[in-house]
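Data first, discussion second: the structure below is written as structure tokens.
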Amino acid sequence: MANETEEQDLKDHREPDHSRRNFLKNSGYAVGGLIVGGVVGSLLRSPNKSTTNNNNGNTTEKAPANEAVNFNQALMHFTQEQFLIMEAATERIFPADDNGPGAKELGVAYFIDHQLAGEWGLNGREYMQGPFFKGETTQGYQGRLKRREIFDIGLQEMQNYSNKKFQKKFKDLTPEQQDTVLKAFETDEVKLTTISASGFFKTIFGSTMEGAYADPLYGGNGNMGGWKLKNFPGNQMSYTKIIEQDKFEKMQPVSLREHLPHS
Amino acid sequence: MATKLPKTDVVIVGVGWGGGIIASELTKGGLSVVGLERGKERKTEDYYMVHDELRYALRYEMFQDLSRETITFRGNEKIKALPMRSYGSFLLGDGLGGSGVHWNGQTFRFLPYDFEIKSKTIERYGKSKIPDGMTIQDWGITYDKLEPYFNKFEKMTGISGDENPLGGKRSEKYPTPPMKTTPGMKMFSDSCKGLNYHPYHMPSANLSEQYTNPDGIARAACQYCGYCERFGCEYGAKADPVVTVIPVAKNTGKFELRTHSNVRRILHKGGKATGVLYIDTTTGEEYEQPADIVVMTSYVFNNTRLLLMSNIGKPYDPKTGTGVIGRNYAYQVLKGAGVGFFEDKEFNIFAGAGSLGMCIDDFNGDNFDHKDLKFIHGANISYSQTGARPIQNNTVPPGTPTWGKDYKAATVKYANRHINVGAQGSCMPFRHHFLDLDPTYKDEFGDPLMRITFDFEDQDRELVKFMGAKCGDILKQMGADKVVSNTELAPYEITTYQSTHNTGGVVMGSSPDTSAVNNYLQMWDTENLFVIGASAFAHNSGYNPTGTMGALSYRAAEGIHKYHKNPGSLV
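What follows is the structure in structure tokens.
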């Protein structure tokens, strides 16, 4: 189904936005001599390791020519069409702005794709046995559809609504038009029979936030850019030194990748 | 056909705090104990990758697999109960250590008022203070009688704290000094002092310093990493059964732990428990484990469910108010809260610990006059700094758009510029709040799910209105530029997280007509069966339950020893 524009869109996606990364890199500073506490910490992080790790993810800074290809950025579940809707929608929910990157740059749509491919997409650890009844709102989701199916239906409905209202695919709408479509889902102005439009919007919203801020190991929060927005330091072993201090402490974030030795 | 195994002195069903304490106390006293745990083994080394908000906090890594077993819920008897298909309101523990692994470590003692709530309420305000349908009752024990067991639990876990100026009398100081004081905690404390309240450090099971407990178990100090609730502790600094009581039991050589062993029935004959029937979930094989004494130590829901499925004790009937199993289900009333936004101040709230905070009890229990109030009891009000993790930390002032550019900008701006003050409201039992077996929905073995019938009452709405305003006052005094208080309580719903403080169902008391167990948590009508947990609470206080649950576990352990030497009713 991919047409030329879609292929171009996907290709664009593979080009990292160097200027944005450079703009964002190391706006904070590392805390010198942060004590690594406890047994686990000392086992896992040798001192020389942590020095190089401070640049983890910011490889452009050191050796742009050798930037690793991110093999994680491919699709496990979405079709290309679905992916492009998702990418455009999440970027409207969490847009790039003066504060820093938006959902697209952070890889949120890849995050959602990967999540749907696994247990979460299949409601693997949730009670999905019948009988199914329509319950009170206080009783929560009572449908028989799994998240994958809900996304398949929801994204198609977004496309249908866009085509009907603006005679264009969702990804080709102006940002304002995309917002109109999202708003129509959020408020249940779109009437759907199989799924709840507002329920679907809530799910997209929730997974956008997850993709922006979960550890980068899941494919989102690219370059820890989500964490840097909030000055969240990620996976630090100890805050004993700063817990009582009045001054706000900006640190270079650290991801879980540093908890494994990488040769 | 179930394979019959050799008999043991004691079999325990579920190895969390209750099971761990019973196992360690009984094996130290020379009894042979078999511990059956439906989940997997756990150890500190499991938590190398624990600083993962998505996996642990949002994908519920540590919790019961709901595809195998869940609960059903309805707000009242007129509507059909439906299964809790995904997590929301509370999180059910699973695996060795149970909920004792993923807790925050906030370890309070219930107030003297709690244990004699009915008598004391009538004494001070008269009978008419208790509204129609509210089934509060005395617990069949006093605070003073329970005090030594609180002490025991606090020493075993190494609780860090300073004395609650408005709490019950203590025989000893907390074993370790309070946790560190953050700027936000200091502001809360100063504000409360300015309002003539009595702030103190939240008693904490996250150790303030290295500590060796009376069993010889040494644990390291908390590193304030900000990953407690919903996570396991990679340092062993947070007290949990796996790093405290379970190794003590194992060291005696008298404790045999069997994981992946899901108990489906308590076996009994002629008014005595004879053992349990369980399934090895790795093979599907069924076993019968005979024992002289059976101790039920699973969570509230499974304690109640197993009794009902095993036909032990009289099931509670809400129509007549008679029967005891499933009676007095209660929860926690949490919506009385406030948030303060600070334009020019950023706090290091990404750092924290599960029980790092300051609190007051000026509006808890009967520490304040309720004469002109339309509720009884109250709430512990606190500021706690548990670690603001980024996916869930999106507090913004009202009026902010719910997504998009402005939403993003506000979440980024206020990520470290807000302080939450909350009231942990007590929850009174009512005649029409109860647990029973669901008639429709089944677990993976075809056994009925537990059904919860529960909603908030006027009592709870009045409490929230009062507490929300108090939280707002404190925040204003703390100097917040904008304070937003919540004083409204909507009907109870199962989809948003509130608290994993479910209580009741197998409550304690002084009469078999209104309680299932006596003050040793011994079943009235099956004397070699003990049922331990917050299931014994006749109501829920304005505190986290674990401290009181731990104290009751130590008392039960003493009772079991007594019973083993001299069988019969302990009261």
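Chains U and A, in that order, are what the protein sequence lines are. Sequential numbering from 6 applies to the first sequence in the working numbering. Sequential numbering from 24 applies to the second sequence in the working numbering. Virtual Cβ for every residue (Gly too), placed ideally from N, Cα, C. These numbers come from a predicted model, not from an experiment.
When you compare only the Cα positions, how much space is there between residue i and residue j?
i: residue 41 (chain U); j: residue 243 (chain U); result: Because residue 41 (chain U) sits at a pLDDT of 32, beneath the cut-off of 50, its placement in the model cannot be relied upon, and the following sentence gives the value as read from the coordinates. Their Cα atoms are separated by approximately 6 Å.
i: residue 264 (chain U); j: residue 476 (chain A); result: 45 Å
i: residue 26 (chain A); j: residue 304 (chain A); result: 14 Å
i: residue 398 (chain A); j: residue 483 (chain A); result: 7 Å
i: residue 55 (chain U); j: residue 238 (chain U); result: Interpretation of residue 55 (chain U) is limited by its pLDDT of 36, a score under 50 that renders its predicted location unreliable; the figure taken from the coordinates is listed afterwards. Rounded to the nearest angstrom, the two C-alpha atoms are 14 Å apart.
i: residue 507 (chain A); j: residue 279 (chain A); result: 53 Å
i: residue 118 (chain A); j: residue 174 (chain U); result: 48 Å
i: residue 107 (chain A); j: residue 425 (chain A); result: 26 Å
i: residue 145 (chain U); j: residue 112 (chain A); result: 10 Å
i: residue 53 (chain U); j: residue 228 (chain U); result: Confidence at residue 53 (chain U) is low in this model, with a pLDDT of 40, below 50, so the placement of that residue should be treated as unreliable; the coordinate-derived value is given next. If you take the alpha carbons of residue 53 (chain U) and residue 228 (chain U), they lie about 21 Å apart.
i: residue 275 (chain A); j: residue 467 (chain A); result: 35 Å
i: residue 288 (chain A); j: residue 300 (chain A); result: 5 Å
i: residue 243 (chain A); j: residue 260 (chain A); result: 5 Å
i: residue 324 (chain A); j: residue 558 (chain A); result: 8 Å
i: residue 439 (chain A); j: residue 355 (chain A); result: 28 Å
i: residue 36 (chain A); j: residue 187 (chain A); result: 34 Å
i: residue 90 (chain U); j: residue 235 (chain U); result: 27 Å
i: residue 75 (chain U); j: residue 72 (chain A); result: 22 Å
i: residue 207 (chain U); j: residue 147 (chain U); result: 16 Å
i: residue 420 (chain A); j: residue 200 (chain U); result: 31 Å
i: residue 116 (chain U); j: residue 153 (chain U); result: 14 Å
i: residue 269 (chain A); j: residue 46 (chain A); result: 7 Å
i: residue 233 (chain A); j: residue 321 (chain A); result: 30 Å
i: residue 329 (chain A); j: residue 61 (chain A); result: 13 Å
i: residue 308 (chain A); j: residue 24 (chain A); result: 9 Å
i: residue 592 (chain A); j: residue 564 (chain A); result: 28 Å
i: residue 498 (chain A); j: residue 395 (chain A); result: 25 Å
i: residue 43 (chain U); j: residue 376 (chain A); result: The predicted model places residue 43 (chain U) with a pLDDT of 38, which falls under 50 and marks its position as unreliable; any figure quoted below should be read in that light. Near 15 Å, if we compare the C-alpha coordinates of residue 376 (chain A) and residue 43 (chain U).
At a cut-off of 7 Å, would you count residue i as near the ligand ZN, judging by its Cβ distance to the nearest heavy atom?
i: residue 441 (chain A); result: For the structure depicted, the ligand ZN is absent and the ligand set is empty, with no information on it obtainable.
Which residue comes first and which comes last in the alpha helix (DSSP H) that contains residue i?
i: residue 494 (chain A); result: 481-500
i: residue 166 (chain U); result: 152-171
i: residue 586 (chain A); result: 569-588
i: residue 447 (chain A); result: Segment 441-448 is the beta strand (DSSP E) holding residue 447 (chain A); no alpha helix (DSSP H) there.
i: residue 405 (chain A); result: Counting along the chain, residue 405 (chain A) falls outside any alpha helix (DSSP H), though it belongs to the beta strand (DSSP E) covering 402-407.
i: residue 123 (chain A); result: 122-125
In terms of residue numbering, what span does the beta strand (DSSP E) encompassing residue i cover?
i: residue 382 (chain A); result: 380-383
i: residue 475 (chain A); result: 471-476
i: residue 318 (chain A); result: 309-319
i: residue 325 (chain A); result: Premise fails: residue 325 (chain A) lies in the alpha helix (DSSP H), 323-332, not in any beta strand (DSSP E).
i: residue 641 (chain A); result: For residue 641 (chain A) there is no data in the structure shown, the boundaries of chain A being 24 and 594.
i: residue 147 (chain A); result: No beta strand (DSSP E) contains residue 147 (chain A), which is instead part of the alpha helix (DSSP H) from 140-148.
i: residue 58 (chain A); result: 56-59
i: residue 458 (chain A); result: 457-465
Does the distance from the CB of residue i to the CB of residue j come in under 8 Å?
i: residue 456 (chain A); j: residue 352 (chain A); result: yes
i: residue 93 (chain A); j: residue 474 (chain A); result: no
i: residue 335 (chain A); j: residue 552 (chain A); result: yes
i: residue 126 (chain U); j: residue 120 (chain U); result: yes
i: residue 528 (chain A); j: residue 327 (chain A); result: yes
i: residue 211 (chain A); j: residue 381 (chain A); result: yes
i: residue 48 (chain A); j: residue 580 (chain A); result: yes
i: residue 248 (chain U); j: residue 374 (chain A); result: yes
i: residue 509 (chain A); j: residue 594 (chain A); result: no
i: residue 227 (chain A); j: residue 194 (chain A); result: no
i: residue 409 (chain A); j: residue 379 (chain A); result: yes
i: residue 414 (chain A); j: residue 219 (chain U); result: yes
i: residue 569 (chain A); j: residue 126 (chain A); result: yes
i: residue 124 (chain A); j: residue 293 (chain A); result: no
i: residue 44 (chain A); j: residue 577 (chain A); result: yes
i: residue 272 (chain A); j: residue 33 (chain A); result: no
Less than 8 Å between the CB atoms is what I'm expecting for residue i and residue j, so what's the real figure, rounded?
i: residue 554 (chain A); j: residue 319 (chain A); result: 5 Å
i: residue 240 (chain A); j: residue 539 (chain A); result: Actually they do not touch by this definition, with Cβ atoms about 33 Å apart.
i: residue 235 (chain A); j: residue 177 (chain A); result: Wrong, their Cβ atoms sit about 14 Å apart, outside the cutoff.
i: residue 512 (chain A); j: residue 479 (chain A); result: 6 Å
i: residue 264 (chain A); j: residue 116 (chain A); result: At roughly 11 Å, the Cβ-Cβ gap does not stay under 8 Å, so residue 264 (chain A) and residue 116 (chain A) are not in contact.
i: residue 50 (chain A); j: residue 296 (chain A); result: About 20 Å; that fails the 8 Å criterion.
i: residue 201 (chain A); j: residue 185 (chain A); result: 5 Å
Using a C-beta cutoff of 8 Å, does residue i count as contacting chain B?
i: residue 125 (chain A); result: Annotation note: the requested chain B is absent from the structure, which comprises protein chains U and A.
Ignoring anything shorter than 4 residues or poking outside the stretch 242-298 of chain A, list the alpha helix (DSSP H) runs there in chain order. 268-274
Going residue by residue through the stretch 205-244 of chain A, where are the continuous alpha helix (DSSP H) segments of at least 4 residues, counting only ones entirely within it? 206-217
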